[in-house]
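K.L.:
Next up is a structure, given as structure tokens.
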Amino acid sequence: PHTPMRAKAVLFAAVAYFVTPMDMLPDFITGLGFTDDATVLATALGLVGMHVKETHRTAARRLLRVPEPVKED
19 PHTPMRAKAV LFAAVAYFVT PMDMLPDFIT GLGFTDDATV LATALGLVGM HVKETHRTAA
79 RRLLRVPEPV KED
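Each residue of the sequence shown is one higher than the one before, counting from 19 in this note's numbering.
Laid out in structure tokens, this is it:
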């Protein structure tokens, strides 16, 4: 409920781009086909990443059974 509407819209648009059969660069083009997908992913993560809080990271680690990072003094 606290996630901004803009962040939700960016995530929705990124997922919609991935599931749409038409790409800016078709995936079968060797070496270039997935660059548009990578660009969409990087842009979405850059725009939404600032809204991911430590509580989200902790919950994701717990769900994925990933150990907590070691904190150095």
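Glycine is no exception: its CB is placed at the ideal position from the N, C-alpha and C atoms. From a predicted model like this one, the values you see are computed outputs, not experimental measurements.
Just confirm the distance between the C-beta atoms of V66 and A25, as a whole number of angstroms; I'd bet it's less than 8 Å.
P.N.:
As a working note, residue 66 is residue 48 in the sequence shown. As a working note, residue 25 is residue 7 in the sequence shown. Right, their Cβ atoms sit about 5 Å apart.
K.L.:
Leaving out the 5 sequence neighbours to the left and right, which residues in its chain are closer than 7 Å to V28 when beta-carbon positions are compared?
P.N.:
For the purposes of this step, residue 28 is identified with residue 10 of the sequence shown, where counting begins at 1. A62, L65 and V66, listed in sequence order.
K.L.:
Grouping DSSP H, G and I as helix and E and B as strand, with all else coil, what is R58?
P.N.:
Locating residue 58 in the sequence shown gives position 40, where the first residue counts as 1. A quick correction: the sequence has Val, not Arg, at residue 58. Correct three-state label for V58: helix.
K.L.:
Between A56 and K89, what straight-line distance do the alpha-carbon atoms span, to the nearest angstrom?
P.N.:
Residue mapping note: residue 56 aligns to position 38 of the sequence shown, counting from 1. Residue mapping note: residue 89 aligns to position 71 of the sequence shown, counting from 1. About 31 Å.
K.L.:
What's the gap between the Cα of D41 and the Cα of H20?
P.N.:
In the sequence shown, counting from the first residue as 1, residue 41 sits at position 23. In the sequence shown, counting from the first residue as 1, residue 20 sits at position 2. Between D41 and H20, the C-alpha separation is close to 32 Å.
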